[in-house]
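Trainee: This structure is in C-alpha coordinates; I'll ask about it shortly.
Numbering (this note's numbering), first residue to last: 1 to 241.
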(Lines of atoms letter the chains of each structure in order from A; the text may use other names.)
(Lines give C-alpha, C1' and ligand atoms only; values in the text may rest on other atoms or scores of the structure.)
Protein backbone atom coordinates (compact mmCIF):
# COMPACT_ATOMS: atom_id res chain seq x y z
CA UNK A 1 0.00 0.00 0.00
CA UNK A 2 1.28 3.46 -0.89
CA UNK A 3 2.12 5.92 1.83
CA UNK A 4 -0.70 8.42 2.23
CA UNK A 5 -0.18 12.17 2.54
CA UNK A 6 -2.85 14.68 3.45
CA UNK A 7 -2.16 18.30 2.46
CA UNK A 8 -4.44 21.14 3.55
CA UNK A 9 -4.88 24.09 1.21
CA UNK A 10 -3.49 22.09 -1.71
CA UNK A 11 -5.51 23.22 -4.75
CA UNK A 12 -2.80 25.66 -5.88
CA UNK A 13 0.53 27.22 -4.95
CA UNK A 14 2.97 25.40 -2.69
CA UNK A 15 0.42 22.81 -1.57
CA UNK A 16 -0.37 21.72 -5.11
CA UNK A 17 3.31 21.58 -6.04
CA UNK A 18 4.02 19.41 -3.00
CA UNK A 19 1.18 17.12 -4.07
CA UNK A 20 2.68 16.79 -7.55
CA UNK A 21 6.14 16.01 -6.23
CA UNK A 22 4.99 13.52 -3.59
CA UNK A 23 2.83 11.74 -6.16
CA UNK A 24 6.02 11.14 -8.14
CA UNK A 25 7.42 9.52 -4.97
CA UNK A 26 4.51 7.04 -5.08
CA UNK A 27 2.42 8.68 -2.38
CA UNK A 28 -1.35 8.53 -2.47
CA UNK A 29 -2.19 12.23 -2.31
CA UNK A 30 -5.21 13.56 -0.41
CA UNK A 31 -6.00 17.15 -1.39
CA UNK A 32 -7.73 19.08 1.40
CA UNK A 33 -9.67 22.25 0.56
CA UNK A 34 -12.98 23.91 1.32
CA UNK A 35 -13.73 24.90 -2.30
CA UNK A 36 -15.21 21.74 -3.85
CA UNK A 37 -14.85 22.88 -7.46
CA UNK A 38 -11.19 23.86 -7.03
CA UNK A 39 -10.49 20.63 -5.17
CA UNK A 40 -11.97 18.45 -7.88
CA UNK A 41 -10.13 20.36 -10.63
CA UNK A 42 -6.82 19.98 -8.78
CA UNK A 43 -7.35 16.23 -8.38
CA UNK A 44 -8.21 15.79 -12.06
CA UNK A 45 -5.05 17.66 -13.09
CA UNK A 46 -2.96 15.45 -10.82
CA UNK A 47 -4.57 12.29 -12.17
CA UNK A 48 -3.80 13.37 -15.74
CA UNK A 49 -0.15 13.16 -14.75
CA UNK A 50 -0.59 9.69 -13.26
CA UNK A 51 -1.09 10.62 -9.63
CA UNK A 52 -3.22 8.60 -7.21
CA UNK A 53 -5.04 11.70 -5.98
CA UNK A 54 -8.27 12.22 -4.05
CA UNK A 55 -10.20 15.30 -2.90
CA UNK A 56 -11.14 15.60 0.77
CA UNK A 57 -13.52 18.50 1.56
CA UNK A 58 -12.31 20.36 4.64
CA UNK A 59 -12.68 23.84 6.12
CA UNK A 60 -9.91 24.36 8.68
CA UNK A 61 -12.02 27.04 10.38
CA UNK A 62 -14.86 24.59 11.04
CA UNK A 63 -14.04 21.83 13.53
CA UNK A 64 -17.02 19.72 12.43
CA UNK A 65 -15.67 19.85 8.87
CA UNK A 66 -12.24 18.74 10.09
CA UNK A 67 -13.80 15.88 12.05
CA UNK A 68 -15.85 14.85 9.02
CA UNK A 69 -12.73 14.84 6.83
CA UNK A 70 -10.98 12.55 9.31
CA UNK A 71 -13.96 10.19 9.25
CA UNK A 72 -13.96 10.07 5.43
CA UNK A 73 -10.24 9.26 5.36
CA UNK A 74 -10.67 6.60 8.05
CA UNK A 75 -13.31 4.81 5.98
CA UNK A 76 -11.52 5.09 2.64
CA UNK A 77 -7.84 4.82 3.56
CA UNK A 78 -7.47 3.87 7.22
CA UNK A 79 -4.31 5.87 7.91
CA UNK A 80 -2.27 8.99 7.15
CA UNK A 81 1.51 8.63 6.96
CA UNK A 82 2.31 12.31 6.43
CA UNK A 83 0.15 15.27 7.48
CA UNK A 84 1.10 18.63 5.97
CA UNK A 85 -0.56 21.67 7.54
CA UNK A 86 -0.18 24.00 4.57
CA UNK A 87 -3.41 26.05 4.65
CA UNK A 88 -2.89 29.58 5.86
CA UNK A 89 -3.82 33.24 5.45
CA UNK A 90 -2.03 36.58 5.57
CA UNK A 91 -4.53 39.42 5.48
CA UNK A 92 -1.98 42.09 6.41
CA UNK A 93 0.52 41.55 3.60
CA UNK A 94 -1.12 43.79 1.04
CA UNK A 95 -2.93 46.04 3.51
CA UNK A 96 0.19 47.13 5.34
CA UNK A 97 -1.73 47.43 8.61
CA UNK A 98 0.24 48.82 11.56
CA UNK A 99 0.24 46.33 14.47
CA UNK A 100 -1.33 48.85 16.84
CA UNK A 101 -4.15 49.50 14.35
CA UNK A 102 -4.92 45.84 13.68
CA UNK A 103 -8.52 44.85 14.33
CA UNK A 104 -9.22 42.14 16.87
CA UNK A 105 -11.28 40.32 14.23
CA UNK A 106 -8.36 40.19 11.79
CA UNK A 107 -6.11 38.83 14.53
CA UNK A 108 -8.67 36.16 15.41
CA UNK A 109 -9.26 35.23 11.77
CA UNK A 110 -5.54 34.85 11.13
CA UNK A 111 -5.04 32.64 14.18
CA UNK A 112 -8.17 30.71 13.23
CA UNK A 113 -6.64 29.45 9.99
CA UNK A 114 -2.93 29.45 10.80
CA UNK A 115 -2.98 28.06 14.34
CA UNK A 116 -6.33 26.73 15.51
CA UNK A 117 -7.02 25.12 12.14
CA UNK A 118 -3.68 23.33 12.18
CA UNK A 119 -4.28 22.10 15.72
CA UNK A 120 -7.80 20.90 14.87
CA UNK A 121 -6.48 18.82 11.98
CA UNK A 122 -3.75 17.25 14.12
CA UNK A 123 -6.22 16.58 16.93
CA UNK A 124 -8.79 14.83 14.76
CA UNK A 125 -6.27 13.08 12.48
CA UNK A 126 -4.23 11.65 15.37
CA UNK A 127 -5.84 8.18 15.25
CA UNK A 128 -5.06 8.04 11.51
CA UNK A 129 -1.44 9.02 12.16
CA UNK A 130 -1.11 6.36 14.84
CA UNK A 131 -2.42 3.75 12.39
CA UNK A 132 0.52 4.50 10.09
CA UNK A 133 2.98 3.07 12.60
CA UNK A 134 5.52 5.84 11.98
CA UNK A 135 4.01 9.15 10.89
CA UNK A 136 5.13 12.70 10.24
CA UNK A 137 3.48 16.07 10.84
CA UNK A 138 4.90 18.96 8.84
CA UNK A 139 3.70 22.43 9.82
CA UNK A 140 4.26 25.04 7.11
CA UNK A 141 5.52 27.99 9.13
CA UNK A 142 7.68 30.99 8.24
CA UNK A 143 10.88 32.67 9.34
CA UNK A 144 8.46 35.51 10.21
CA UNK A 145 7.49 33.30 13.15
CA UNK A 146 11.07 33.36 14.47
CA UNK A 147 11.28 35.78 17.39
CA UNK A 148 15.08 35.69 17.07
CA UNK A 149 14.91 36.84 13.44
CA UNK A 150 12.22 39.45 14.02
CA UNK A 151 14.13 41.07 16.88
CA UNK A 152 17.46 41.27 15.00
CA UNK A 153 17.86 44.60 13.12
CA UNK A 154 20.38 42.91 10.82
CA UNK A 155 17.91 40.24 9.72
CA UNK A 156 16.18 40.50 6.33
CA UNK A 157 12.75 39.97 7.94
CA UNK A 158 13.18 42.54 10.74
CA UNK A 159 11.13 45.17 8.91
CA UNK A 160 8.18 42.87 8.17
CA UNK A 161 6.15 43.88 11.22
CA UNK A 162 2.93 41.94 10.53
CA UNK A 163 1.57 41.19 13.99
CA UNK A 164 -1.23 38.74 13.14
CA UNK A 165 0.63 36.62 10.60
CA UNK A 166 3.97 36.61 12.42
CA UNK A 167 2.53 35.78 15.83
CA UNK A 168 0.29 33.06 14.40
CA UNK A 169 3.39 31.37 12.97
CA UNK A 170 5.22 31.81 16.28
CA UNK A 171 2.28 30.04 17.92
CA UNK A 172 2.43 27.30 15.28
CA UNK A 173 6.11 26.83 16.11
CA UNK A 174 5.21 26.51 19.79
CA UNK A 175 2.70 23.83 18.77
CA UNK A 176 5.48 22.00 16.94
CA UNK A 177 7.74 22.02 20.01
CA UNK A 178 4.99 20.86 22.33
CA UNK A 179 3.61 18.07 20.14
CA UNK A 180 7.06 16.80 19.17
CA UNK A 181 7.59 15.97 22.84
CA UNK A 182 4.04 14.75 23.38
CA UNK A 183 3.94 12.38 20.39
CA UNK A 184 7.48 11.00 20.52
CA UNK A 185 6.35 7.75 22.15
CA UNK A 186 3.73 7.35 19.40
CA UNK A 187 6.50 7.40 16.77
CA UNK A 188 5.12 10.60 15.24
CA UNK A 189 7.59 13.35 14.34
CA UNK A 190 6.52 17.01 14.27
CA UNK A 191 8.48 19.74 12.53
CA UNK A 192 8.04 23.32 11.30
CA UNK A 193 9.41 24.35 7.92
CA UNK A 194 9.80 27.63 6.09
CA UNK A 195 9.38 27.50 2.30
CA UNK A 196 10.66 31.06 1.92
CA UNK A 197 8.94 33.96 0.19
CA UNK A 198 7.27 32.26 -2.76
CA UNK A 199 5.31 33.50 -5.80
CA UNK A 200 1.76 32.51 -4.81
CA UNK A 201 -1.54 34.31 -4.33
CA UNK A 202 -0.38 35.09 -0.79
CA UNK A 203 3.24 35.83 -1.62
CA UNK A 204 2.40 37.82 -4.79
CA UNK A 205 4.58 38.12 -7.88
CA UNK A 206 7.01 40.26 -5.89
CA UNK A 207 8.35 37.11 -4.23
CA UNK A 208 11.78 35.92 -5.41
CA UNK A 209 11.16 32.17 -5.14
CA UNK A 210 9.17 29.71 -7.25
CA UNK A 211 6.65 27.20 -5.91
CA UNK A 212 9.09 24.44 -6.88
CA UNK A 213 11.75 25.98 -4.66
CA UNK A 214 9.29 26.49 -1.83
CA UNK A 215 7.99 22.94 -2.00
CA UNK A 216 11.44 21.33 -1.93
CA UNK A 217 11.99 21.44 1.86
CA UNK A 218 8.49 20.03 2.51
CA UNK A 219 9.06 17.14 0.11
CA UNK A 220 12.45 16.50 1.69
CA UNK A 221 10.95 16.33 5.20
CA UNK A 222 8.20 14.01 3.95
CA UNK A 223 10.52 11.57 2.20
CA UNK A 224 13.85 11.60 4.06
CA UNK A 225 14.96 8.34 5.65
CA UNK A 226 15.00 9.32 9.31
CA UNK A 227 12.98 12.38 10.20
CA UNK A 228 14.15 14.60 13.06
CA UNK A 229 11.50 15.99 15.38
CA UNK A 230 10.87 19.29 17.10
CA UNK A 231 12.88 21.23 14.52
CA UNK A 232 12.33 24.48 12.60
CA UNK A 233 14.11 24.33 9.25
CA UNK A 234 14.39 25.69 5.73
CA UNK A 235 16.51 24.52 2.80
CA UNK A 236 19.63 25.95 4.45
CA UNK A 237 19.22 24.18 7.81
CA UNK A 238 17.81 25.07 11.21
CA UNK A 239 16.09 28.41 11.83
CA UNK A 240 16.36 29.94 15.33
CA UNK A 241 13.10 29.96 17.26
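No residue lacks a Cβ here, since even glycine has one placed at the ideal position from N, Cα and C.
Am I right that residue 61 and residue 26 are in contact with their C-beta atoms under 8 Å? What's the rounded C-beta distance?
Mentor: Contact doesn't hold; Cβ gap of about 32 Å is too wide.
Trainee: Which of the three DSSP states, helix, strand or coil, is assigned to residue 90?
Mentor: DSSP places residue 90 in coil when its eight states are reduced to three.
Trainee: Can you say whether residue 16 is buried or exposed, counting buried as having 16 or more other CB atoms within 10 angstroms of its CB?
Mentor: buried
Trainee: Put residue 156 into one of helix, strand or coil per three-state DSSP.
Mentor: coil
Trainee: Look at the alpha carbon of residue 110 and the alpha carbon of residue 69, and state the distance between them as a whole number of angstroms.
Mentor: 22 Å
Trainee: List the DSSP bridge partners of residue 30.
Mentor: 6 and 54
Trainee: Assuming residue 81 and residue 4 are in contact, meaning their beta carbons sit under 8 Å apart, how far apart are those beta carbons, in whole angstroms?
Mentor: 5 Å
Trainee: Inspect the beta-carbon positions of residue 173 and residue 146 and report whether they are closer than 9 Å.
Mentor: yes
Trainee: Give me the Cα-Cα distance between residue 242 and residue 151, rounded to the nearest whole angstrom.
Mentor: Outside the displayed span of the chain (1 to 241) sits residue 242, for which this structure offers no information.
Trainee: With a 10 Å radius around its C-beta and 16 neighbouring C-beta atoms as the bar for buried, classify residue 24 as buried or exposed.
Mentor: exposed
Trainee: If you count every other CB in all the chains shown that lies within 10 Å of the CB of residue 53, and 16 or more means buried, which is it?
Mentor: buried
Trainee: Who pairs with residue 232 in a beta bridge, going by DSSP?
Mentor: Partner residues in the beta bridge of residue 232, as assigned by DSSP, are 192.
Trainee: Whose C-beta lies closer than 7 Å to the C-beta of residue 157 among residues of the same chain, with five residues either side of it excluded?
Mentor: 143, 144, 149 and 150
Trainee: Taking 9 Å as the threshold (C-beta atoms), are residue 86 and residue 140 in contact?
Mentor: yes
Trainee: Going along the chain, which residues of its own chain have a beta-carbon closer than 7 Å to the beta-carbon of residue 183, five neighbours each way excluded?
Mentor: Hits under 7 Å: 190.
Trainee: Measure the alpha-carbon distance for residue 228 versus residue 238 and round it to whole angstroms.
Mentor: 11 Å
Trainee: For the beta strand (DSSP E) that residue 85 lies in, which residues bound it at each end?
Mentor: Segment 82-85, the beta strand (DSSP E) holding residue 85.
Trainee: Under the three-state reduction of DSSP, which class applies to residue 41: helix, strand or coil?
Mentor: helix
Trainee: Out of curiosity, what's the CA-to-CA distance linking residue 230 and residue 36?
Mentor: Roughly 34 Å separates the two Cα atoms.
Trainee: Helix or strand or just coil, what does DSSP make of residue 117?
Mentor: Three-state result, residue 117: helix.
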